[in-house]
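Residue numbers (this note's numbering): 13 to 369. Virtual Cβ for every residue (Gly too), placed ideally from N, Cα, C. Computed from a prediction, not measured in an experiment: that's the story for all the values here.
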């Protein structure tokens with residue numbers, strides 16, 4: 013199958029440091045190539061892939077210091093449109109930008125919605141383009157959407173089983189990994205660690221938009237012997253950081269569409285203590301891969317109970333549901349359903365769509 017993967021340009025594929033969507037695009041792209049498909053990746057020029065790379069900017073825009081990404085993404089989408097006839101399926105990971113250009117050939121597209129879908133400002137485009145085939149990454153992510161959108165499937169993320177090394181023993185600290193912002197609630201993680209009397213290591217980036225929150229709320233909380241702020245880490249550091257932890261704290265305060273760090277922790281055998289929000293109940297198996305809590309007190313109690321969890325079973329929960337092979341298999345089924353729509357068209361329909369601007 014000839015498949016185009018269209019990645020966001022904020023980070024390289026895979027990211028040099030922080031980056032969730034670009035990491036998933038990389039895992040999916042490499043697995044599709046491994047399975048023998050002809051894959052073209054539209055991404056930043058500093059991306060690394062075994063697919064054919066079409067560079068759409070010299071390097072990831074965030075690390076290049078570019079704040080407004082709209083113009084560069086529009087150029088990329090136009091480049092994809094110019095090459096559309098080269099592909100059987102065009103898989104977008106950039107949310108909404110491609111809708112107007114690809115309305116006439118929506119049957120050969122798929123868009124994975126990686127972000128939150130409860131923002132009212134975006135609702136007009138779903139009404140204007142109800143046929144665009146879209147994939148959710150959790151069932152909870154779908155809840156705010158209007159009933160007429162064209163859902164193809166819910167496909168959870170998956171990562172290579174060999175990416176992070178399983179650690180059967182763990183360690184003596186709690187981990188917080190991701191981004192410093194109000195939605196992620198690092199303040200809750202710090203409070204849980206202090207009350208539990210367990211060290212907390214925070215490996216997280218601080219975006220410019222979150223600098224005030226970090227300086228005013230979080231930095232004063234770091235002045236404690238149990239709290240260690242590491243900063244942003246890369247994939248090479250992540251395996252040891254998560255694997256040597258007693259548990260991952262995921263105390264979110266927003267409708268998280270998926271939460272990639274949860275399955276990264278599961279892959280190394282580290283249980284998760286997470287707030288009941290967003291996709292969390294779909295990912296964590298209570299009492300097996302972690303605990304779902306609704307308060308600081310419950311979080312502190314879960315820290316103690318985490319010692320009773322079998323890290324081998326945590327890893328097995330990952331292998332059963334969240335590997336790259338399972339994710340790719342689900343996407344291949346979705347691609348094939350879209351191709352069947354094309355084959356069901358009468359010739360005049362197909363010609364008209366191909367000729368449409």
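Check	Outcome
7 Å Cβ shell around residue 130 - same chain, five flanking residues per side excluded	156, 267
Contacts around residue 358, its chain only, beta-carbon distance under 8 Å, and the 5 residues preceding and following it disregarded	For residue 358, the predicted model reports a pLDDT of 46, less than 50, meaning its position is unreliable; a value from the coordinates is still stated below. Correct list: empty, nothing qualifies.
Residue of 208, 276, 147, 106 minimising C-alpha distance to residue 172	276
Minimum length 4: unbroken alpha helix (DSSP H) runs contained in the segment 102-184	111-114, 135-140, 151-154
Run of the alpha helix (DSSP H) containing residue 300, from where it starts to where it stops	Here residue 300 belongs to no alpha helix (DSSP H), and DSSP marks it neither H nor E.
Cβ-Cβ distance between residue 53 and residue 96 below 9 Å	no
Residue closest to residue 70, alpha-carbon to alpha-carbon, out of 99, 349, 25	25
Neighbourhood of residue 67 by C-beta, 6 Å cutoff - its chain only, sequence neighbours within 5 removed	57
Residue 55, DSSP secondary structure in three states	strand
Among 253, 274, 256, nearest to residue 263 - alpha-carbon criterion	274
Buried or exposed (CB count within 10 angstroms, at least 16 for buried), residue 364	The pLDDT assigned to residue 364 is 44, lower than 50, so where the model puts this residue is not dependable, and the model offers no usable value.
Short Cβ contact (9 Å threshold) for residue 346 with residue 44	no
For residue 198, the three-state DSSP class (helix, strand or coil)	helix
Boundaries (first-last residue) of the beta strand (DSSP E) holding residue 287	284-287
Min CB distance residue 321 to chain B below 9 Å	No chain B is part of this structure, which consists of one protein chain only.
Residue of 265, 284, 232, 86 minimising C-alpha distance to residue 254	284
Three-state class that DSSP yields for residue 212 in the structure shown	strand
Distance between beta carbons of residue 311 and residue 292, contact taken as under 8 Å	That pair is no contact at about 13 Å.
7 Å Cβ shell around residue 142 - same chain, five flanking residues per side excluded	160, 161, 162
Closest by C-alpha distance to residue 86, when choosing among 98, 76, 107, 74	107
Coarse secondary structure for residue 281, derived from DSSP in three states	coil
Option in 126, 190, 31 with minimal Cα separation from residue 146	126
Where residue 67 falls: helix, strand or coil (DSSP)	strand
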